[in-house]
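Asks: My structure is below; once you've seen it, I'll send some questions.
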Amino acid sequence: DQQVKQNSPSLSVQEGRISILNCDYTNSMFDYFLWYKKYPAEGPTFLISISSIKDKNEDGRFTVFLNKSAKHLSLHIVPSQPGDSAVYFCAVSDNYGQNFVFGPGTRLSVLP
Amino acid sequence: DGGITQSPKYLFRKEGQNVTLSCEQNLNHDAMYWYRQDPGQGLRLIYYSQIVNDFQKGDIAEGYSVSREKKESFPLTVTSAQKNPTAFYLCASRRDPRVGDTQYFGPGTRLTVL
Chain A
1 DQQVKQNSPS
11 LSVQEGRISI
21 LNCDYTNSMF
31 DYFLWYKKYP
41 AEGPTFLISI
51 SSIKDKNEDG
61 RFTVFLNKSA
71 KHLSLHIVPS
81 QPGDSAVYFC
91 AVSDNYGQNF
101 VFGPGTRLSV
111 LP
Chain B
113 DGGITQSPKY
123 LFRKEGQNVT
133 LSCEQNLNHD
143 AMYWYRQDPG
153 QGLRLIYYSQ
163 IVNDFQKGDI
173 AEGYSVSREK
183 KESFPLTVTS
193 AQKNPTAFYL
203 CASRRDPRVG
213 DTQYFGPGTR
223 LTVL
């Protein structure tokens, strides 16, 4: 059973509009959450993170929202740019845990 | 430049042969990880190591082996016992596995078994 779900395998958004990527997790013990961006044939690169003591973290065009009661986090990209087209992975961990658990990814396409 | 290197980028092997994938980091990170990526399945953990001369199995360790003789290096051997070895393999490292911190990934190796 998947501990981390990204229910949208793909998402298409017009350039300049908002992209919203969603992630749901099952274990309430997870308290550290990250988003990674991955281009084809490359390793993932870290994008933004949030710990459970916050409900929002912002870095430029990227904002991550955490709803602990719903075990849900989302990544907002505003405004979306064609260079944002990639696969986005959500990852979760307990803060002193050894490992991250990754979601299956969402492929974002930003159309010019 | 600090970073993680994986070589080669593309690797082809015949079925039944063992193959070793290289991963080196000069970030002075304690922890290192191997993941495999398959379409639609995200990243699945194969093995990880928190310290030199110690490593642990991840979720899908069967058919793989690792060693951690040096802090900088964490090679992965894909053995002939791995039933479906064709995949994209990613190595990652993390400064300290005991505190909240991100993992940094290498560029990956695509292994194709013919």
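Going down the list, the protein sequences come from chains A and B.
Take 1 as the starting number for the first sequence in the numbering used here and just add one per residue.
Take 113 as the starting number for the second sequence in the numbering used here and just add one per residue.
Note that CB positions come from ideal geometry on N, CA and C, so glycine has one too.
(1) What residues of chain B sit near N27 (chain A), judged by a beta carbon separation below 8 Å?
(2) What are the start and end residues of each continuous alpha helix (DSSP H) run of 4 or more residues lying completely inside the stretch 69-100 of chain A, in chain order?
(3) Using the C-alpha atoms, what's the distance from I158 (chain B) back to A173 (chain B)?
(4) Which residues in chain A have a C-beta closer than 8 Å to the C-beta of G115 (chain B)? List them in chain order.
(5) Since I believe G220 (chain B) is in contact with G118 (chain A) (beta carbons under 8 Å), could you give me their beta-carbon distance rounded to a whole number of angstroms?
(6) Taking 7 Å as the cut-off, is the beta-carbon of P151 (chain B) closer than that to any non-hydrogen atom of the ligand SAM?
(7) Report the rounded CA-to-CA distance for A199 (chain B) versus T132 (chain B), giving the unit in angstroms.
(8) Quick check on the DSSP output: the beta strand (DSSP E) that includes V13 (chain A) runs from which residue to which?
(9) Do the CB positions of V92 (chain A) and V101 (chain A) come within less than 8 Å of each other?
(10) Any C-beta of chain A within less than 8 Å: which residues of the stretch 122-141 of chain B qualify?
(11) Which residues in the same chain have their Cβ closer than 7 Å to the Cβ of I163 (chain B), if we skip the five residues on either side of it in sequence?
(12) If contact is defined by three or more beta carbon pairs under 8 Å, each pair taking one atom from either stretch, is the stretch 64-78 of chain A in contact with the stretch 13-25 of chain A?
(13) Return the Cβ separation of D94 (chain A) and F30 (chain A) in integer angstroms, given the expectation that the two are a contact with Cβ distance under 8 Å.
(14) Would you call the CB atoms of D171 (chain B) and R180 (chain B) closer than 8 Å?
Replies: By the coordinates alone:
(1) For this step, residue 27 (chain A) is matched to residue 27 along the first sequence. Within 8 Å Cβ-Cβ: nothing; N27 (chain A) doesn't reach chain B, min ~15 Å.
(2) Restricted to the stretch 69-100 of chain A, not a single alpha helix (DSSP H) segment is unbroken, complete and at least 4 residues in length.
(3) Sequence index remark: in the second sequence, residue 173 (chain B) carries index 61 (1-based). Sequence index remark: in the second sequence, residue 158 (chain B) carries index 46 (1-based). In a straight line, the C-alpha of A173 (chain B) is about 5 Å away from that of I158 (chain B).
(4) Mapped onto the second sequence, residue 115 (chain B) falls at position 3. Going along chain A, no residue has its Cβ under 8 Å from G115 (chain B), so there is no contact; the nearest lies around 10 Å.
(5) Residue 118 (chain A) lies beyond the residue range present for chain A, which begins at 1 and ends at 112; the question has no answer from this structure.
(6) This structure simply doesn't include the ligand SAM, nor any ligand for that matter.
(7) Indexing the second sequence from 1 puts residue 199 (chain B) at position 87. Indexing the second sequence from 1 puts residue 132 (chain B) at position 20. Near 14 Å, if we compare the C-alpha coordinates of T132 (chain B) and A199 (chain B).
(8) Taking the first residue of the first sequence as 1, we reach residue 13 (chain A) at position 13. Per DSSP, V13 (chain A) belongs to the beta strand (DSSP E) from 10-14.
(9) In the first sequence, counting from the first residue as 1, residue 92 (chain A) sits at position 92. In the first sequence, counting from the first residue as 1, residue 101 (chain A) sits at position 101. Taking 8 Å as the Cβ cut-off, V92 (chain A) and V101 (chain A) qualify as a contacting pair.
(10) Under the 8 Å Cβ criterion, the stretch 122-141 of chain B contributes no residue.
(11) Here residue 163 (chain B) corresponds to residue number 51 of the second sequence, with the count starting at 1. For I163 (chain B), where only same-chain residues beyond five positions count, the Cβ hits under 7 Å are D142.
(12) yes
(13) One-based indexing of the first sequence puts residue 94 (chain A) at position 94. One-based indexing of the first sequence puts residue 30 (chain A) at position 30. With 8 Å as the limit, D94 (chain A) and F30 (chain A) qualify as a contact, their Cβ atoms being about 6 Å apart.
(14) Here the question's residue 171 (chain B) lines up with position 59 in the second sequence. Here the question's residue 180 (chain B) lines up with position 68 in the second sequence. The answer is no: Cβ separation not under 8 Å.
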